[in-house]
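Residue numbers (the UniProt record's numbering): 7 to 271. By construction, the Cβ of each residue, glycine as well, lies at the ideal position given by its N, Cα and C atoms. First comes the structure, then the notes that go with it.
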Amino acid sequence: TQPITLTTLAKMRAAGERIVMLTAYDASFAALCERNGVDVLLIGDSLGNVIQGQKSTLPVTMEHMVYHTECVARAAQRAWVIADLPFGSYQESPAQALRNSARLLAAGAQMVKLEGGTYMAETVRFLVERGVPVCAHIGLTPQSVHQLGGYRVQGKTEAGAAQMKADALALEAAGAAMVVLEMVPATLAAEITQSLTSMATIGIGAGKDCDGQVLVLHDMLSVYPGKKARFVKNFMDGAASIDAAVAAYSAAVKDGSFPAAEHTY
Ligand code: KIV
Ligand code: NA
């Protein structure tokens, strides 16, 4: 099978084929995800929580991200590989963002992900114009957890919803090819997805009407001991193996049966 490229992802979006994304942090799970239908592997800074046992993603460093990106990239053959820029590694300036993106690309990532709306558009454009594909991330942005007052649904007020729509359009205009929508009411995520012409929306707690879905691997395998958010489904439930659980997730995203109403805001 051919490796997935930005062109492949654009074609999938245009054809209405849902994009299956999962986080991975090491080579064995990257290979497992790939052989069970995962299109996109995300080395998320959620590794702070699920690998390191931190209370948030804030302590994650560039060194941690580079190490785990190398581990995943060595195993990935078909999947598109995205790595998170950790807190503090891109907010200072577009130049800082490019310098750290270059490290993630050298480690094997094909795209970087950063959190933030319109205020990050200048940085997104700076990266894209210099050859770095960018995935944006809006809605609940975990690196801003202290500012947001906890892990809660975003865009519930009229003003909040309008801001999020404007953010999505600004990020698309800046050249982001993908955007993660986290903890966003399903109707708002659907409206945002409809409003875009090229940027693919990937939902996590954002309803079924996104161009794709993502979950944290340790959440959907139910190996993370922390409290599970409403949008998480335990795919080990009724699965005979980890392979089967990931295959069930991929199938459920592709056929639109995940997320269901019970996982949605
Ligand atoms: O770090 C992460 O795993 C993420 C996903 C939840 C989108 O950013
Ligand atoms: Na993240």
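When you compare only the Cα positions, how much space is there between residue i and residue j?
i: Val-140; j: Ala-82; result: 19 Å
i: Ala-168; j: Ser-247; result: 43 Å
i: Tyr-255; j: Met-242; result: 10 Å
i: Tyr-31; j: Ile-88; result: 11 Å
i: Thr-199; j: Tyr-230; result: 30 Å
i: Arg-131; j: Val-252; result: 34 Å
i: Asn-55; j: Val-72; result: 17 Å
i: Leu-223; j: Pro-100; result: 30 Å
i: Tyr-125; j: Glu-188; result: 18 Å
i: Ala-127; j: Lys-61; result: 29 Å
i: Ser-204; j: Ala-21; result: 12 Å
i: Leu-12; j: Ala-192; result: 26 Å
i: Ile-144; j: Ile-208; result: 10 Å
i: Glu-28; j: Val-44; result: One detail in the question is off: residue 28 reads as Leu in this sequence, not Glu. Whole-angstrom Cα-Cα distance: 7 Å.
Could you have a look at residue i and say whether DSSP puts it in helix, strand or coil?
i: Val-66; result: coil
i: Thr-75; result: helix
i: Ile-173; result: In the sequence under discussion, the amino acid at residue 173 is Asp, which differs from the Ile named in the question. Reduced to three states, the DSSP call for Asp-173 is helix.
i: Gln-83; result: coil
i: Gly-218; result: strand
i: Lys-260; result: helix
i: Glu-40; result: helix
i: Leu-120; result: strand
i: Asp-243; result: coil
i: Val-190; result: coil
i: Gly-145; result: strand
i: Leu-111; result: helix
i: Ile-57; result: coil
i: Val-46; result: strand
i: Ala-267; result: helix
i: Ala-182; result: coil
i: Ile-208; result: strand
i: Ile-248; result: helix
Measure how close the beta-carbons of residue i and residue j come, nearest whole angstrom, since I'm counting them as under 8 Å.
i: Gly-161; j: Val-190; result: 5 Å
i: Gly-211; j: Tyr-271; result: 6 Å
i: residue 5; j: Phe-264; result: The structure shown has nothing for residue 5, since the chain only spans 7 to 271.
i: Phe-93; j: Leu-64; result: 5 Å
i: Ile-49; j: Thr-14; result: About 20 Å separates the two Cβ atoms, so there is no contact after all.
i: Val-138; j: Leu-104; result: 7 Å
i: Leu-154; j: Met-170; result: Not really, about 13 Å apart at Cβ, beyond 8 Å.
i: Ser-201; j: Ala-165; result: Incorrect: roughly 17 Å between the Cβ atoms, too far for contact.
i: Gly-262; j: Arg-24; result: 7 Å
For ligand 2, is there a heavy atom less than 8 Å away from the beta-carbon of residue i?
i: Glu-121; result: yes
i: Thr-63; result: yes
i: Asp-217; result: no
i: His-74; result: no
i: His-152; result: no
i: His-143; result: yes
Are the Cβ atoms of residue i and residue j separated by less than 9 Å?
i: Val-26; j: Lys-260; result: yes
i: Ala-142; j: Gly-114; result: no
i: Leu-47; j: Ala-85; result: yes
i: Leu-91; j: Leu-120; result: yes
i: Leu-227; j: Gly-181; result: no
i: Gly-123; j: Ala-179; result: no
i: Asp-225; j: Asn-42; result: no
i: Ala-36; j: Ala-206; result: no
i: Val-185; j: Val-220; result: no
i: Cys-77; j: Ala-108; result: no
i: Tyr-96; j: Thr-129; result: yes
Looking at residue i and ligand 1, is the gap between the Cβ and the nearest heavy atom below 8 Å?
i: Val-186; result: yes
i: Asp-90; result: yes
i: Ser-52; result: yes
i: Thr-29; result: yes
i: Pro-148; result: yes
i: Leu-47; result: no
i: Asp-222; result: The sequence given here places Val at residue 222; Asp does not occur at that position. Result yes, Cβ under 8 Å from ligand 1.
i: Ile-10; result: no
i: Ile-210; result: yes
With a cut-off of 9 Å, does the C-beta of residue i fall near any C-beta of chain B?
i: Lys-233; result: No chain B appears in the structure shown, which is made up of a single protein chain.
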